[in-house]
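See structure below.
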Amino acid sequence: MPSLPLLLVDAFTEQPFAGNACAVVLDAGGLSRDLMQAIAREMNQSETAFVLGGGGTRFDVRYYTPGEEIPLAGHPTIATTAALADARRLVPTGTRTEVTFVLRDGPISIGYEKPVTGLPRVVMTQRRPEFLQTLDRAAIAPVFGLKAADLRTDGPVQVVSTGTRQLMIPVATRDALRRSRLDVPAYEALRAREKFFSVHLFVLEGATPRGRTFARHFGVPPDQTEDPVTGSATGGMGAYLFHHRLVREHDFVAEQGHWMGRPGAVDVHVEGTPEEVRSVSVAGTAVVVARGTLEVP
């Protein structure tokens, strides 16, 4: 059986065993889609990344959950960039290197910033935000074990896409966020009906003094119920908050994962005005926690 390089990377953290873990498989160009899906099930992370080819600063990359291929995701982008640098596949061109990942639905831009001291920082620019359908909060709240009064009234429950369609739910208090529980059958029906990938619930206060927001993210049960720290959804949340004027600043720190024992932090940057959000980026550091080989048939 051929052996492929395999790295396990924790994204959106400076400490091992925190943030969100991602398995990254290099030299994966010879793998079929079915085999990549089987490997993602075997890895059993929220996402597994496959680098199909490329070099220097441009790479062909695919992302899979244990159940399906997805077009865009944040923490695998951070993790894959860190893995390529660790394996000396990414060739830095200065203190900031512009990197391109060609994903299933097209290219995305990434900045790889290498400071004099400390861990490199990876910046992912997401696709132009789309603010899609809004949903009735009274109908949506029970799907997450909440009442309509547990949700904020100054922002809608809305599907937002920066490459992946995700449902944004502004929650009124940290207590309500902690009480949130997923009604899986109702959630699966809601997801199929409204055609979004996952859901992001958040409050406008951090888990620590550094944070501006704190969130929980429910994915695709039974493959992955709750995700520790999400990048694409955090970007969508940042665009949503700026668009609806719930956050006025262009830069803030989003926190997530603390209640799961995997604390993480995402630097969010929004370009444009509330009326016209041009782009949103998410950034963070990552730690390689394992290096090995994957034996494939």
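If you're matching positions, the sequence shown starts at 271 in the numbering used here and goes up one per residue. Even for Gly, the Cβ is constructed at its ideal location relative to N, Cα and C. None of these values were measured; they are calculated from a predicted model.
- Cβ neighbours of residue 440 within its own chain (closer than 6 Å, five residues either side excluded): 422, 425.
- Residue burial annotation: residue 498 is buried, with at least 16 other C-beta atoms found within 10 angstroms of its C-beta.
- For the options 523, 533, 474, the alpha carbon positioned closest to that of residue 514 is the one of 474.
- Buried is the label assigned to residue 420, since at least 16 other Cβ atoms lie within 10 Å of its Cβ.
- Within the same chain, Cβ atoms closer than 6 Å to the Cβ of residue 316 are found at 494, 497, the five residues on either side in sequence being excluded.
- Nearest to residue 463 by alpha-carbon distance, out of 437, 442, 484, 550, is 437.
- In the DSSP annotation of this structure, the continuous segment of the alpha helix (DSSP H) that includes residue 455 starts and ends at 454 to 464.
- Residue 280 is positioned such that its CB atom lies closer than 7 Å to that of residue 559.
- Note on geometry: alpha-carbon atoms of residue 448 and residue 471 lie some 10 Å from one another.
- In the assembly as shown, residue 377 is an exposed residue. Its beta-carbon has fewer than 16 other beta-carbons within 10 Å.
- Taking a 10 Å sphere around the C-beta of residue 368, we find fewer than 16 other C-beta atoms and assign the residue as exposed.
- CA-to-CA, the gap between residue 349 and residue 294 works out to about 8 Å.
- When 508, 523, 531, 566 are compared, the shortest CA-CA separation from residue 543 is found for 508.
- Linking residue 373 to residue 524 through their CA atoms gives a straight-line distance of about 25 Å.
- In the same chain as residue 323, and ignoring 5 residues on each side of it, the C-beta atoms closer than 6 Å to its own belong to 299, 330, in chain order.
- Per DSSP, residue 506 is not a residue of any beta strand (DSSP E); the alpha helix (DSSP H) it occupies stretches across 502 to 513.
- In the structure shown, residue 356 falls within a helical segment according to DSSP collapsed to helix, strand and coil.
- Checking the DSSP bridge columns, you'll see residue 400 partnered with 431.
- Residue 367 sits in a strand when the DSSP states are folded into three classes.
- Beta-bridge partners of residue 339 (DSSP): 334.
- Residue range 556 to 565 is occupied by the beta strand (DSSP E) that includes residue 556, with no alpha helix (DSSP H) assigned at that position.
- Residue 457 is positioned such that its CB atom lies no closer than 7 Å to that of residue 427.
- Residue nearest to residue 527 within the set 282, 332, 505, 480 is 282 (criterion: CA-CA distance).
- Residues of the same chain with a CB within less than 8 Å of the CB of residue 285, apart from the 5 flanking positions on each side, are 557 in chain order.
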